[in-house]
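S.K.: Convert by adding 6 to the 1-based position in the sequence shown; the result is the number in the working numbering.
Backbone N, C-alpha and C fix where the C-beta goes; we use that ideal spot for every residue, glycine too.
Let me begin by handing over the structure; questions about it come next.
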Amino acid sequence: MRFLLSTVLALTTAMSAQAGPVNFANGWQEQRLSLFSSNDYSFGQNLGLVSEGSVSIAWSRVNRAEWGTDGASWNWTVEQSVPATDLSIKGGDDRNISLYFVFVPEALAPGLEGANIRSLLGNEDVRIMQYAWGGNHARGQVIRSPYGPSGQGVTIALRQAGTGSFSESVDLAADYARAFGGEKGALVGLAVSGDSDDTDTVIRAAIGGLTLR
7 MRFLLSTVLA LTTAMSAQAG PVNFANGWQE QRLSLFSSND YSFGQNLGLV
57 SEGSVSIAWS RVNRAEWGTD GASWNWTVEQ SVPATDLSIK GGDDRNISLY
107 FVFVPEALAP GLEGANIRSL LGNEDVRIMQ YAWGGNHARG QVIRSPYGPS
157 GQGVTIALRQ AGTGSFSESV DLAADYARAF GGEKGALVGL AVSGDSDDTD
207 TVIRAAIGGL TLR
């Protein structure tokens with residue numbers, strides 16, 4: 007984990023002249039998806055995770071000042087990877103690391119400001135885009151989520167299963183229009199997950215330098 011965090015920190019420092027990263031030390035908490043399954047998260051300037059045959063989400067609310075976010079950039083590193091999977095299959099969609107962006111209609115955002123991640127995931131007005139490192143899909147492919155209310159969530163493939171360190175930059179507004187149609191609402195939540203329970207394998211990964219713009 008020390009190697010992972012130092013690698014991401016080096017990439018983060020290279021980007022710091024352009025914009026400051028989201029701090030993973032404050033306001034983040036884990037949400038278990040199963041009573042007996044949990045990842046090991048390290049919260050700080052960067053977020054590190056170890057997933058050993060497990061799955062869970064680390065999440066945070068987004069400040070009102072950033073509700074209008076149209077794009078994002080970040081760095082991530084994977085030292086140990088799950089095998090390639092099909093991210094469209096429920097119960098067979100392990101991936102190394104995903105970054106979630108949670109949107110709600112602007113008119114509803116003030117009323118959901120204090121909602122927890124379970125409430126947001128179960129709300130039919132919520133739309134979720136997750137950018138994934140994992141699977142065997144082409145970069146940029148939009149994959150309908152097999153979980154939650156129909157049409158609520160999509161996965162956008164960025165990296166196939168494997169190891170390495172990369173920087174990413176995404177256009178949230180354009181990807182939202184491509185995935186759901188229309189204009190995005192307010193960005194009210196962020197989340198990070200690692201998922202290795204279906205393949206019973208191990209993930210060692212980290213993310214940092216997250217910038218909303």
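1) With DSSP as the reference, label L218 as helix, strand or coil.
2) If you follow the alpha helix (DSSP H) that S125 is in, where does it begin and where does it stop?
3) For W114, name the three-state secondary structure that DSSP assigns.
4) The beta strand (DSSP E) that contains F186, what's its start and end?
5) May I ask you to report which of helix, strand or coil DSSP gives G120?
6) Using C-beta distances below 6 Å, list every residue in its chain close to D76, excluding the 5 sequence neighbours before and after it, in chain order.
7) Roughly how many angstroms lie between the CA atoms of F9 and G200, to the nearest whole one?
8) What's the C-alpha gap between M21 and T217?
9) If you count every other CB in all the chains shown that lies within 10 Å of the CB of E130, and 16 or more means buried, which is it?
10) Evaluate S156 with the Cβ neighbour count: other Cβ atoms within 10 Å of its Cβ, from every protein chain shown; 16 or more gives buried, anything less gives exposed.
11) In terms of residues, what are the limits of the beta strand (DSSP E) holding E58?
12) Could you check what DSSP says for E36 in three-state terms: helix, strand or coil?
13) I'd like the span of the beta strand (DSSP E) that includes S66, first residue to last.
14) Apply the 10 Å Cβ neighbour rule to Q35 and answer buried if 16 or more other Cβ atoms are within range, or exposed otherwise.
15) Whole angstroms is fine: what's the gap from Q147's alpha carbon to Q136's?
M.R.: In short:
1) Counting from 1 along the sequence shown, the entry for residue 218 is found at position 212. Reduced to three states, the DSSP call for L218 is strand.
2) In the sequence shown, the residue the question calls residue 125 occupies position 119. Segment 123-127, the alpha helix (DSSP H) holding S125.
3) Residue mapping note: residue 114 aligns to position 108 of the sequence shown, counting from 1. Reading off the sequence, residue 114 comes out as Leu, not Trp. Looking at L114 - three-state DSSP - the assignment turns out to be helix.
4) In the sequence shown, the residue the question calls residue 186 occupies position 180. Run containing F186: none in the beta strand (DSSP E); it sits in the alpha helix (DSSP H), 178-186.
5) Numbered from 1 along the sequence shown, position 114 holds the residue referred to as residue 120. Three-state DSSP puts G120 in coil, outside helix and strand.
6) Residue numbering aside, residue 76 sits at position 70 when the sequence shown is read from its first letter. Counting only Cβ-Cβ distances below 6 Å, and skipping sequence neighbours, we find L178, A179.
7) To locate residue 9, count along the sequence shown from 1; it is residue 3. To locate residue 200, count along the sequence shown from 1; it is residue 194. Since pLDDT at F9 reaches only 47, below the 50 mark, its modelled position is unreliable, and no value is offered.
8) The residue labelled residue 21 in the question sits at position 15 within the sequence shown. The residue labelled residue 217 in the question sits at position 211 within the sequence shown. With a pLDDT of 36 at M21, under the threshold of 50, the modelled position of this residue cannot be trusted, and the question is left open.
9) Taking the sequence shown and counting its residues from 1, the one referred to as residue 130 is at position 124. The residue in question, E130, is exposed, as its Cβ has fewer than 16 Cβ neighbours within 10 Å.
10) As a working note, residue 156 is residue 150 in the sequence shown. S156 comes out exposed.
11) Taking the sequence shown and counting its residues from 1, the one referred to as residue 58 is at position 52. Per DSSP, E58 belongs to the beta strand (DSSP E) from 53-58.
12) Residue numbering aside, residue 36 sits at position 30 when the sequence shown is read from its first letter. E36: strand per DSSP, three-state reduction.
13) As a position in the sequence shown, residue 66 is number 60, starting the count at 1. Unbroken beta strand (DSSP E) run through S66: 61-67.
14) Here residue 35 refers to the residue found at position 29 when the sequence shown is read from its first residue. Burial call: exposed.
15) As a first step, residue 147 is located in the sequence shown; it is residue number 141 there, counting from the start. As a first step, residue 136 is located in the sequence shown; it is residue number 130 there, counting from the start. Their Cα atoms are separated by approximately 12 Å.
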